[in-house]
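**Student:** Going by my numbering, the first residue of the sequence shown is number 129, and it counts up by one from there.
Every residue gets a Cβ at the ideal spot worked out from N, C-alpha and C, and that includes glycine.
All values reported here derive from a predicted model rather than from experimental measurement.
Have a look at this one.
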Amino acid sequence: MTDHPLPFRDPQLSFARRTDDLLGRLTLDERIAMLHQFAPAVERLGLGPFRTGQEALHGVAWMGPATVFPQAVGLGATWNDELVRRVGEAVGNEVRAKRAQDDRVGLNVWAPTVNLLRHPLWGRGEEGYSEDPALTSAIAVAYTRGLRGDDPRYWRTAPVLKHWLAHNNETDRDTASSSVRPRVLHEYDLRAFRDAVRAGAVAGVMPAYNLVNGRPNHVSPLLEQHLRSWTEQPLVVCSDAGAPSNLVDSEHYFDTHEEATAAALKAGVDSFTDHGTDSTVMTGRIRGALAEGLIEESDIDTAVRRLLAMRFALGEFDPELDPYADADALDTEEHRALALEAAEQAVVLLKNDGLLPLEPGTDGTVAVVGLLADACKLDWYSGTLMHRSTPLDGIRERYGAGNVVFEEGVDRIRLRTTDGWLQVPAADGVADGGVRGAEGALDPALLAGRTDLPPLTCGEQPTELALVDWGDGVLTLRTDEGLYLSVADDGYVRASADEPGGWVVQETFRLEAVEGHDGGHRLLHIGTGGYVSVAADGAKVAVSGEKIPREDGTVFEPETVEHGADAVARVAAAAGTVIVVAGNDPHINGRETEDRTTLALPAQQDRLWRAAHAANPRTVLVLSSAYPYAVGEAADALPALLWTAHGGQAAGTALARVLAGDTSPAGRLPQTWYASDDDLPGLFDYDVIGSRQTYLYFRGTALFPFGHGLGYGGFTYSGLRTELDGELLRVSLTVTNDGAAAADEVAQVYVRRAGPAGPSPEGLGRPLGALGDPTDLPLRKLVAHRRVRLAPGAGERLDFTVPREELGHWSVAHGRWTVEPGAYEILAGASSADIRLTATEVVDGEAQGPRPVASRGLEAADYDWQKDTEILDLGKTRGDVVAPVSPDREGHLVYRDCDFGEGVAGLAFLVSGAGAISVAAGGHALITGVEGDKGPYEYRTVETALDLHGVRELAVGLSGNLRLARVDVIAPGKESA
């Protein structure tokens, strides 16, 4: 008992008791209001307003100046859990410091993103850590532990993992369904979320926009079946922005918003992010659902209880006890040093024929060239830079400004019209004249977004523009003052942006050839879809909100003043060494809402490295990008090649230190770099097993394999020892630095099932993955890693403890995780393809045996192999079915090792829709037609007579619009329908 007048304010009570007390004091309207992202204050109880959601992917985002760390994929490339934990701690402290300055900053942080980098063309690949679930989990655990803090009672911030589940496409991202078979679900996608939740540093998750197996993630039963089974801690599920409305508006999964909101709430969504700060829409839908009997007050209370538990943990009601309440660590010396350390550790040396390290003073002039050579690129989830270091800045500082020459390599053009040249009017005298920096030069940052600037016009004097083609014909155009052509809300084109950016990028264009007009082009503004038209009042792409159609666009004749490749060749020929910096702008051709179309380096950038190398063989290519490129020709031709994700505020200094050998690079690739687009599966193919995706299953030759990265020295691996100790696999080995300088090495441990692992033998007539051997198990699977720093000649014994379950896989035959008895190889080395040591451990036990079909039947989705099928929803709240991907193409399913016991008389198929079922088993084959005109959720049983016995393979074909849910057996003596 407590004498406190308001028990929920009594810090001596448990959070659970205080939460219950506070919940009981709230009115129904107050509780409903808390379910929106922007929960209002409850003044009568002394509760302030609360907001779920503060972006903190690699620093505090969207809330002004903050320390900007490397992109998430760059943090993944460090392979350094402890470093990432410290980054998370720094970000959490800056969230707290920003909160003290601005109460709009929330302590419920939406980070990190743990979606696996399954497909390198996914536009949001920069936000994830790795294609591998074990590495992703380790980095996510580290980052969330830093964000959460280590106080046993109070949390520094409350991290929310994004985006549940199987989300790797921006194309049709709110309507596309990811077909995820049970093995992929359990072995791959769930794993990325599971370990961070089990570690106790996660406050919740955010469902993704997409559907999984035909069902929107925001009504997924997996939230309760799996997510909340991993911990006893209350987890908050925050919807993604606008996703609750999508359930009706774009996905058409429910007929009314009341139904949709009720279904999401009952599935486990607690906080609705919809309609911005206007909470009335969503709270109105919740009230409507309650009035219609679709939910009960207990459903509301369940969600509010979880939200309140998070608020208690964040110390909202105990500011005097909250150890993080007075945090003011923003832009400290420690954070700056940490940003540099992280950027250095993220650099991956892909190739080096001895050109690097490039020692100052011994190699003559250094030419720094390329479209990203003087850029410090931010992405959508970055904060505002307080410090900025480009590659050019870093190299000038390291090698001396007098030893460094620079050439960006842009194409310089001017645009002629029938009325003269396109020109940018002078900005002098505009408004208060506040457009110039301290030295009198035009300041792009001061001009950004200014609608009082005059729009572009035509005149006698042309404005030369720097043109960059970022690929797929997507262009940016920039003036000599560093101002990008941009379109403001009024539809006019101005030179007014310091960088491309924004939710809809307003700085990208495309030149489209005019048929029948030699050299004539129209200029499309991609952001609005309107064409540039130059009239007396200036250049514009829209009038009164209506975009200008193609036929009304001005015809321009581009004239090239200088090709960037020529300028690069000129400076490269005169230099001792050339550093070419290429890559992407994170707001263009690959970002949230936009997938990439190719792995190829944009043609303009491809020309630049070729021009530099032709003029000077001592050419290094640095790729600064959010994703991999297929740069096989560069890898063959050039003596050195590096990659780094956009490295935040210290990117340039970090790169220069690596180039100079001040630190030996030890970043490792967190995803496979494929040789060409031909190596890639379809963007929407989520079956990593069946289509041989990621290093786990890919049988081709990668350009650079998962885990790859070189250094300036060498390391020896020795003394591998392994031991199975109950439920643990213990692995130890020694790594020794053979080099002349202190350096880091990343030791990697993989496992695989010993035995047949190659393609199916010829002549068996069965598809790969449908055999009774491990052909569909991973070729190798990461289970442990350690980044270690060693002095010259020093060695260190590394010990790893791996749960025995990591040797196993999900058994579709028995519906459980299984570790089969037999031999397993333990592989240790410097990458997935650079294995130095191998050992074998034998697991004892009883084999799981064949599928007990005679007693259990078959769930349709529990196949071993498929072709031309997809998994869809059995009903709106539970279950899976399998259907052909097209009514015009038969889909095939194979179930291996089916035990029909002493014999069955036939099979019963639970189906909906109409079409045909073909069955083949042990020489028996038949085709059964299925008629029906009911809806997709109206199921019935179709029986076929078929004499089956013993263990054999079952092949099922589906055609038409059939949905198959289950296959059951008809016992002998039961007459078939």
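Report the option in Glu1030, Gly1007, Asp1025, Gly1043 whose CA atom is closest to the CA atom of Arg1017.
**Tutor:** Counting from 1 along the sequence shown, the entry for residue 1017 is found at position 889. If we check each option's Cα against that of Arg1017, Gly1043 comes out closest.
**Student:** With a Cβ-Cβ cutoff of 8 Å, do Glu998 and Ser426 count as a contact?
**Tutor:** As a position in the sequence shown, residue 998 is number 870, starting the count at 1. As a position in the sequence shown, residue 426 is number 298, starting the count at 1. No, the Cβ-Cβ distance between Glu998 and Ser426 is not below 8 Å.
**Student:** Going by other Cβ atoms of all chains shown within 10 Å of its Cβ, with 16 needed for buried, is Glu635 buried or exposed?
**Tutor:** As a working mapping, residue 635 is identified with position 507 in the sequence shown. Glu635 should be labelled buried.
**Student:** Please state whether DSSP places Ile654 in a helix, a strand or coil.
**Tutor:** As a working note, residue 654 is residue 526 in the sequence shown. Looking at Ile654 - three-state DSSP - the assignment turns out to be coil, as it is neither helix nor strand.
**Student:** What span of residues does the alpha helix (DSSP H) with His385 cover, start to end?
**Tutor:** As a first step, residue 385 is located in the sequence shown; it is residue number 257 there, counting from the start. 385 to 395 is the span of the alpha helix (DSSP H), which, as asked, contains His385.
**Student:** Would Ala205 and Leu797 qualify as a contact pair, given that the criterion is a beta-carbon distance under 8 Å?
**Tutor:** Stepping through the sequence shown from its first residue, residue 205 is reached at position 77. Stepping through the sequence shown from its first residue, residue 797 is reached at position 669. Against a cut-off of 8 Å, the Cβ pair of Leu797 and Ala205 comes out as a contact.
**Student:** Looking at Asp723 and Pro628, is the spacing between their C-beta atoms short of 8 Å?
**Tutor:** Along the sequence shown, read from residue 1 onward, the residue named residue 628 stands at position 500. Along the sequence shown, read from residue 1 onward, the residue named residue 723 stands at position 595. Their beta carbons are not under 8 Å apart, which means Pro628 does not touch Asp723 by this criterion.
**Student:** Using a Cβ-Cβ cutoff of less than 7 Å, which residues in the same chain neighbour Leu151 once the five nearest sequence positions on both sides are dropped?
**Tutor:** As a first step, residue 151 must be located in the sequence shown, where it is residue number 23. Around Leu151: Asp429, Val432, Arg433, Leu436.
**Student:** Count the CB pairs spanning the stretch 779 to 789 and the stretch 481 to 500 that are closer than 8 Å, and state whether there are at least three.
**Tutor:** Yes, the stretch 779 to 789 is in contact with the stretch 481 to 500.
**Student:** If we ignore side chains and look at the alpha-carbon of each, how far apart do His1107 and Leu339 end up?
**Tutor:** Summary: the structure shown does not reach residue 1107, with the chain confined to residues 129 through 1105, and so no result is reported for it.
**Student:** Three or more C-beta pairs under 8 Å: does that hold for the stretch 951 to 971 against the stretch 1056 to 1071?
**Tutor:** The stretch 951 to 971 is not in contact with the stretch 1056 to 1071.
**Student:** Would you say Ala882 and Tyr952 are within 8 Å of each other, going by their C-beta atoms?
**Tutor:** As a first step, residue 882 must be located in the sequence shown, where it is residue number 754. As a first step, residue 952 must be located in the sequence shown, where it is residue number 824. Cβ atoms of Ala882 and Tyr952: closer than 8 Å.
**Student:** Would you mind reading off the limits of the alpha helix (DSSP H) that contains Arg434?
**Tutor:** Within the sequence shown, the letter at position 306 stands for residue 434. Its alpha helix (DSSP H) spans residues 425 to 441.
**Student:** Mind checking which residues open and close the beta strand (DSSP E) that includes Asn236?
**Tutor:** Position 108 of the sequence shown, counting from 1, holds the residue named residue 236. Asn236 -> beta strand (DSSP E) spans 236 to 238.
**Student:** Roughly how many whole angstroms lie between the Cα atoms of Leu611 and Ala625?
**Tutor:** Residue 611 sits at position 483 when you count from the first residue of the sequence shown. Residue 625 sits at position 497 when you count from the first residue of the sequence shown. Going from the Cα of Leu611 to the Cα of Ala625 covers about 5 Å.
**Student:** Please confirm whether Leu235 and Ala286 have their CB atoms less than 8 Å apart.
**Tutor:** Working through the sequence shown from its first residue, we reach residue 235 at position 107. Working through the sequence shown from its first residue, we reach residue 286 at position 158. Going by C-beta atoms, Leu235 is nearer than 8 Å to Ala286.
**Student:** Taking the C-alpha atoms as reference points, what is the distance between Ala700 and Phe321?
**Tutor:** The residue you call residue 700 lines up with position 572 of the sequence shown. The residue you call residue 321 lines up with position 193 of the sequence shown. Approximately 48 Å between the Cα atoms of the pair.
**Student:** Pop quiz: Gly718 and Ala754 are said to be a contact at Cβ under 8 Å. What is the actual Cβ separation, rounded to whole angstroms?
**Tutor:** Taking the sequence shown and counting its residues from 1, the one referred to as residue 718 is at position 590. Taking the sequence shown and counting its residues from 1, the one referred to as residue 754 is at position 626. The Cβ separation is near 7 Å, so the contact holds.
**Student:** What separation, rounded to the nearest whole angstrom, lies between the Cα atoms of Met162 and Val633?
**Tutor:** For the purposes of this step, residue 162 is taken as residue 34 along the sequence shown, with counting starting at 1. For the purposes of this step, residue 633 is taken as residue 505 along the sequence shown, with counting starting at 1. Their backbone Cα atoms lie some 34 Å apart in a straight line.
**Student:** From Ala1149 to Asp1061, what does the alpha carbon distance come to, in whole angstroms?
**Tutor:** For residue 1149 there is no data in the structure shown, the boundaries of the chain being 129 and 1105.
**Student:** Hey, could you find the ends of the alpha helix (DSSP H) Arg172 is sitting in?
**Tutor:** Here residue 172 corresponds to residue number 44 of the sequence shown, with the count starting at 1. Counting along the chain, Arg172 falls outside any alpha helix (DSSP H), and DSSP gives it neither H nor E.
**Student:** Within its chain, find whatever has a CB closer than 6 Å to the CB of Ala1053; leave out the 5 residues flanking it on each side and keep chain order.
**Tutor:** The residue given as residue 1053 occupies position 925 in the sequence shown. Cβ within range, chain order: n/a, list empty.
**Student:** If you draw a straight line from the alpha carbon of Ser804 to that of Asp734, how long is it in whole angstroms?
**Tutor:** As a first step, residue 804 must be located in the sequence shown, where it is residue number 676. As a first step, residue 734 must be located in the sequence shown, where it is residue number 606. For Ser804 and Asp734, the distance between alpha carbons rounds to 15 Å.
**Student:** Answer with buried or exposed for His645, where buried requires no fewer than 16 other C-beta atoms within 10 angstroms of its C-beta.
**Tutor:** Translated into positions along the sequence shown, residue 645 becomes position 517. The residue in question, His645, is exposed, as its Cβ has fewer than 16 Cβ neighbours within 10 Å.
**Student:** Would DSSP call Ser1046 helix, strand or coil?
**Tutor:** Position 918 of the sequence shown, counted from the start, is the residue given in the question as residue 1046. Strand, per DSSP.
**Student:** Using the three-state DSSP reduction, which class does Asp148 fall into: helix, strand or coil?
**Tutor:** Here residue 148 is taken as the residue at index 20 of the sequence shown, counted from 1. Looking at Asp148 - three-state DSSP - the assignment turns out to be helix.
**Student:** Can you tell me where the alpha helix (DSSP H) with Val269 in it begins and where it stops?
**Tutor:** Counting from one through the sequence shown, the residue named residue 269 turns up at place 141. It spans 261 to 276 - the alpha helix (DSSP H) in which Val269 sits, taken as one unbroken run.
**Student:** Compute the Euclidean distance between the alpha carbons of Lys479 and Ala623, then round it to the nearest angstrom.
**Tutor:** The count along the sequence shown starts at 1 and reaches residue 479 at position 351. The count along the sequence shown starts at 1 and reaches residue 623 at position 495. Looking at the two C-alpha atoms, the distance is approximately 40 Å.
**Student:** Please list the terminal residues of the continuous beta strand (DSSP E) segment that includes Gly1088.
**Tutor:** Stepping through the sequence shown from its first residue, residue 1088 is reached at position 960. 1079 to 1088 is the extent of the beta strand (DSSP E) around Gly1088.
**Student:** Shortest alpha-carbon distance to Phe637 belongs to which of Gly648, Val621, Trp631, Leu808?
**Tutor:** By 1-based counting over the sequence shown, the position of residue 637 is 509. Closest by alpha carbon: Val621.
**Student:** Mind checking Val269: buried by the 16 CB within 10 Å criterion, or exposed?
**Tutor:** One-based indexing of the sequence shown puts residue 269 at position 141. Label assigned to Val269: buried.
**Student:** Rounding to the nearest angstrom, what Cα-Cα distance links Gly557 and Asp608 in this structure?
**Tutor:** Translated into positions along the sequence shown, residue 557 becomes position 429. Translated into positions along the sequence shown, residue 608 becomes position 480. Residue placement at Gly557 is flagged as unreliable, the pLDDT there being 48, under the threshold of 50; the coordinate-derived value follows with that caveat. Whole-angstrom Cα-Cα distance: 19 Å.
**Student:** With DSSP collapsed to three states, give me the class of Gly776.
**Tutor:** Working through the sequence shown from its first residue, we reach residue 776 at position 648. Helix.
**Student:** Would you mind giving the Cβ-Cβ distance between Asn243 and His291, rounded to the nearest angstrom? I have them listed as a contact below 8 Å.
**Tutor:** Looking up residue 243 in the sequence shown gives position 115. Looking up residue 291 in the sequence shown gives position 163. At roughly 6 Å, the Cβ-Cβ gap stays under 8 Å, so Asn243 and His291 are in contact.
**Student:** In the DSSP assignment, what residue or residues form a beta bridge with Arg979?
**Tutor:** For the purposes of this step, residue 979 is taken as the residue at position 851 of the sequence shown. Note: Arg979 sits in a beta bridge opposite Cys1026.
**Student:** Taking contact to mean 3 or more Cβ pairs, one atom from each stretch, closer than 8 Å, check whether the stretch 384 to 397 and the stretch 365 to 374 are in contact.
**Tutor:** These segments touch.
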